[in-house]
Amino acid sequence: MTRRRQPNRPGYHRNVDISENEFQAKVIERSRSVPVVVDFWADWCGPCRQLGPLLEQAVAERPGIDLVKVDVDSAPTLSRQYGIQGIPAVKAFRDGEVAAEFTGAQPRPAVERFLDSLLPSPADELIAAGDEESLRQALALEPTRAEAAVPLARILLGRGETDEALEILGRVPGSFAADGLAARLELQRAGTEVPELTQAFAALDSGEREQALDLLLTALPGSDGARDGIRRVVVGILDELGVDDPVARDARRRLASALY
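In our numbering, the protein residues as written are 1 to 260.
Right under this line is the structure:
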């Protein structure tokens, strides 16, 4: 798709050089709102002078991305911190961390692909909307996208449309969250007679994931034929909580103890 250049968009300036003291605010903190591309360069570097204008123009054509330039001769601490071995070195920051990078002068198509990868895709925007129609449109674009399949399956679960929910989840490979929700639906459809499951699933639907985990882990040792299904449900919840969540850390320990 051809993009119209917008050199005067808010926040875009041709003079984008920043100092080490400005890096925290203009890169790390700013990247929590929008992607920030940092061009590590030096005035004596020929490839830097080749890449710089190309990068500036390409960023100017893409609202939603900030560009700053760091002179490595004036920023030795930053150069060491980010392992700058050769220049030009371009690093894209998102949420305070390096999300993508390349080194050396690149042709325009490569630079444009790099920048486009930082912008939300049409599916990303539909997923962010979160309503059923938007989620269905996102899956039409990316049928294996877990971030769309899981919330859509939950909507269907709320209406009792288990078969369609399982069909959607079955198209998503490698997602513990999708597999965990599918395991829940399979347990419910099979009418598994484990008393704690009904309470656990009600807690999940109410957003009480800690209570749900406690009930599921309590049920796990004596669950016989439902054991693997319950394990999958627990793993799916843990995946959604993330590795740093204190509830998840305790639940992982309990899961390992119950299984082994």
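We put the CB at the ideal spot given by N, CA and C, even for glycine.
Secondary structure of residue i, DSSP reduced to three states
{"i": "leucine 78", "result": "helix"}
{"i": "arginine 94", "result": "strand"}
{"i": "aspartate 239", "result": "helix"}
{"i": "leucine 67", "result": "strand"}
{"i": "histidine 13", "result": "Note that histidine 13 scores a pLDDT of 39, beneath 50, so its modelled location is shaky and nothing firm can be said."}
{"i": "isoleucine 230", "result": "helix"}
{"i": "leucine 217", "result": "helix"}
{"i": "threonine 211", "result": "A small fix is needed here, since residue 211 is glutamine in this sequence, not threonine. DSSP places glutamine 211 in helix when its eight states are reduced to three."}
{"i": "glutamine 106", "result": "coil"}
{"i": "serine 257", "result": "helix"}
Status (buried if at least 16 other CB within 10 Å, exposed otherwise) for residue i
{"i": "tyrosine 82", "result": "buried"}
{"i": "leucine 156", "result": "buried"}
{"i": "aspartate 66", "result": "buried"}
{"i": "valine 36", "result": "buried"}
{"i": "aspartate 131", "result": "exposed"}
{"i": "glycine 229", "result": "buried"}
Close Cβ partners of residue i (< 7 Å) along its chain, the five nearest in sequence each way excluded
{"i": "alanine 153", "result": "Ala165, Ile168, Leu169, Leu181"}
{"i": "leucine 197", "result": "Leu187, Ala219"}
{"i": "arginine 227", "result": "Leu220"}
{"i": "aspartate 179", "result": "Arg232, Gly236"}
{"i": "alanine 100", "result": "Ala92, Phe114, Ser117, Leu118"}
Beta-carbon contacts of residue i that lie in its chain and below 6 Å, excluding the five residues immediately before and after
{"i": "glycine 86", "result": "Thr103"}
{"i": "alanine 148", "result": "Ile127, Leu135, Ala138, Leu139"}
{"i": "leucine 215", "result": "Glu196, Gln199, Ala200"}
{"i": "threonine 192", "result": "Ala226"}
{"i": "proline 143", "result": "Arg171"}
{"i": "phenylalanine 93", "result": "Val27, Ser31, Val36"}
{"i": "leucine 255", "result": "Val234"}
For residue i, the residue or residues it bridges with in DSSP
{"i": "glutamate 101", "result": "Lys91"}
Contacts around residue i, its chain only, beta-carbon distance under 8 Å, and the 5 residues preceding and following it disregarded
{"i": "proline 273", "result": "Summary: the structure shown does not reach residue 273, with the chain confined to residues 1 through 260, and so no result is reported for it."}
{"i": "glycine 265", "result": "Shown here, the chain extends from 1 to 260; a query on residue 265 therefore has no answer."}
{"i": "leucine 119", "result": "Pro35, Arg62, Gly64, Ile65"}
Review point. What are the complete beta strand (DSSP E) segments, minimum 3 residues, inside the stretch 128-197?
Key: Correct list: empty.
Review point. Enumerated in chain order, which unbroken segments of the beta strand (DSSP E) with a length of 3 residues or greater are wholly contained in the stretch 33-60?
Key: 36-41
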